[in-house]
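Engineer: Chains as they are written, first to last, in my numbering: chain D, 11 to 188; chain Z, 55 to 115.
Note that the Cβ used here is the ideal one computed from N, Cα and C, for glycine as well.
Handing you this structure, nothing more for now.
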């Protein structure tokens, strides 16, 4: 898996990467929201010199750069320093190719809810947020609902009411019909 | 939905593979199987690479 290989190469060089954004949603929903690129942020504070990044990606026969590469037919983006307000840990999947860290599912939920309603209500973004809520409500993607509630109330998101309404909507849709 | 239970945050590859079907099934309960943005700033590179689409064909493992 490409995310594992990229994570391992950078980790061995001293930088911890985290899968973020829509790419994280792909992990949590098992590809329900998918595109041809993988977005990473850097968890390690120390910046990655661009030449170093190029040399590391060269190990994978990547083309392009210095912040976006094509590798094995997919695109890898390195977006900068991780922004993560969650108190819950990043999720870790240990693959045969390397461990992958993914932004906490709680952050993914709240970010998707924010995108669903702001800057203006967006049907596509709402559908993604509902997928994310569905896997969480089902328990297939475990989350801390108290942390989701806390994050949604933060001024950085301020999306508590919208998220709770969307959560209820998804819960109704998940309920088996009599 | 119980937040008090220990939160699982780490998966072995086997655990992750075994739990894929459950995640997919849960996601499939809401809306179409795949939700893909119609457009984004990445279109210029994605569409030529994936036969006019924004990503590869969805092929559940």
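(1) Using a cut-off of 7 Å between C-beta atoms, extract the partners of residue 152 of chain D located in chain Z.
(2) Tell me which same chain residues have a C-beta within less than 6 Å of the C-beta of residue 78 of chain D, skipping the five on either side of it?
(3) Using a C-beta cutoff of 7 Å, does residue 39 of chain D count as contacting chain Z?
(4) Tell me the rounded alpha-carbon separation between residue 76 of chain Z and residue 140 of chain D.
(5) Under 8 Å Cβ-Cβ, which residues of chain Z neighbour residue 180 of chain D?
(6) Whose C-beta lies closer than 7 Å to the C-beta of residue 37 of chain D among residues of the same chain, with five residues either side of it excluded?
(7) Please list, in chain order, the chain Z residues whose beta carbon lies closer than 8 Å to that of residue 141 of chain D.
(8) Check residue 81 of chain D in the structure and name its three-state DSSP category.
(9) For residue 14 of chain D, name the three-state secondary structure that DSSP assigns.
(10) Which of the three DSSP states is assigned to residue 54 of chain D in this structure?
(11) At a Cβ cut of 9 Å, what residues of the region 93-106 of chain D count as close to chain Z, listed as they run along the chain?
(12) Verify the CB distance criterion: does residue 26 of chain D have a CB-CB separation below 7 Å to chain Z?
(13) What does the alpha-carbon distance come out to for the pair residue 55 of chain Z and residue 182 of chain D?
(14) What's the C-alpha gap between residue 148 of chain D and residue 17 of chain D?
(15) Starting from residue 64 of chain Z, trace the beta strand (DSSP E) both ways and give me its first and last residue.
(16) Is residue 144 of chain D close to chain Z? Criterion is C-beta to C-beta, closer than 7 Å.
(17) What residues are listed by DSSP as bridge partners for residue 109 of chain D?
(18) Under a Cβ-count criterion, where at least 16 other Cβ atoms within 10 Å of its own Cβ denotes burial, should residue 168 of chain D be classed as buried or exposed?
(19) Rounded to whole angstroms, how far is the Cβ of residue 21 of chain D from the Cβ of residue 108 of chain D, which I believe are closer than 8 Å?
(20) Quick one: Cα of residue 39 of chain D to Cα of residue 143 of chain D, how far?
(21) Tell me which residues share the same chain as residue 66 of chain Z and place their Cβ nearer than 8 Å to its Cβ, disregarding the 5 neighbours each side in the sequence.
(22) Hey, residue 173 of chain D and residue 137 of chain D are a contact pair by Cβ (cut 8 Å); roughly how many whole angstroms apart?
(23) Determine, using beta carbons only, whether residue 184 of chain D comes closer than 7 Å to chain Z.
(24) Since residue 110 of chain D contacts residue 13 of chain D with CB under 8 Å, what's their CB separation in whole angstroms?
Structural biologist: Quick look at the numbers:
(1) Start at 1 with the first residue of the first chain, and residue 152 of chain D comes out as number 142. In chain order: 61 and 62.
(2) As a working mapping, residue 78 of chain D is identified with position 68 in the first chain. Only 87 meet the Cβ criterion.
(3) In the first chain, the residue the question calls residue 39 of chain D occupies position 29. Interface residue, yes.
(4) As a working mapping, residue 76 of chain Z is identified with position 22 in the second chain. As a working mapping, residue 140 of chain D is identified with position 130 in the first chain. If you take the alpha carbons of residue 76 of chain Z and residue 140 of chain D, they lie about 16 Å apart.
(5) In the first chain, residue 180 of chain D corresponds to position 170, counting from 1. In chain order: 84.
(6) In the first chain, residue 37 of chain D corresponds to position 27, counting from 1. The residues are 29 and 112.
(7) Counting from 1 along the first chain, the entry for residue 141 of chain D is found at position 131. Simply 81, 84, 85 and 89.
(8) In the first chain, counting from the first residue as 1, residue 81 of chain D sits at position 71. In this structure, residue 81 of chain D counts as strand in the three-state DSSP scheme.
(9) In the first chain, residue 14 of chain D corresponds to position 4, counting from 1. It is helical.
(10) Sequence index remark: in the first chain, residue 54 of chain D carries index 44 (1-based). If DSSP states are grouped into helix, strand and coil, residue 54 of chain D belongs with coil.
(11) 98, 99, 100, 101, 102, 103, 104, 105 and 106
(12) The residue given as residue 26 of chain D occupies position 16 in the first chain. With 7 Å as the cut-off, residue 26 of chain D does not count as an interface residue toward chain Z.
(13) Against the second chain, residue 55 of chain Z aligns to sequence position 1. Against the first chain, residue 182 of chain D aligns to sequence position 172. A caution first: residue 55 of chain Z carries a pLDDT of 49, below 50, which makes its placement in the model unreliable, though a value can still be read off. The straight-line gap from Cα to Cα measures roughly 15 Å.
(14) Position 138 of the first chain, counting from 1, holds the residue named residue 148 of chain D. Position 7 of the first chain, counting from 1, holds the residue named residue 17 of chain D. Rounded to the nearest angstrom, the two C-alpha atoms are 29 Å apart.
(15) By 1-based counting over the second chain, the position of residue 64 of chain Z is 10. It spans 64-66 - the beta strand (DSSP E) in which residue 64 of chain Z sits, taken as one unbroken run.
(16) Translated into positions along the first chain, residue 144 of chain D becomes position 134. Yes, because at least one Cβ of chain Z sits closer than 7 Å to the Cβ of residue 144 of chain D.
(17) Here residue 109 of chain D refers to the residue found at position 99 of the first chain. D/104, per the DSSP bridge assignment.
(18) To locate residue 168 of chain D, count along the first chain from 1; it is residue 158. The residue is exposed, with fewer than 16 neighbouring Cβ atoms inside 10 Å.
(19) Taking the first chain and counting its residues from 1, one reaches residue 21 of chain D at position 11. Taking the first chain and counting its residues from 1, one reaches residue 108 of chain D at position 98. Indeed, because the Cβ distance is near 7 Å, the residues count as touching under 8 Å.
(20) For the purposes of this step, residue 39 of chain D is taken as residue 29 along the first chain, with counting starting at 1. For the purposes of this step, residue 143 of chain D is taken as residue 133 along the first chain, with counting starting at 1. As the crow flies, the alpha-carbon of residue 39 of chain D is around 9 Å from that of residue 143 of chain D.
(21) Reading the second chain from its first residue, position 12 is the one you call residue 66 of chain Z. Hits under 8 Å: none found.
(22) Walking along the first chain from the start, residue 173 of chain D turns up at place 163. Walking along the first chain from the start, residue 137 of chain D turns up at place 127. Not quite, the Cβ-Cβ distance comes to about 15 Å (not below 8 Å), so this is no contact.
(23) For the purposes of this step, residue 184 of chain D is taken as residue 174 along the first chain, with counting starting at 1. Yes, contact with chain Z.
(24) For the purposes of this step, residue 110 of chain D is identified with residue 100 of the first chain, where counting begins at 1. For the purposes of this step, residue 13 of chain D is identified with residue 3 of the first chain, where counting begins at 1. Confirmed, about 5 Å.
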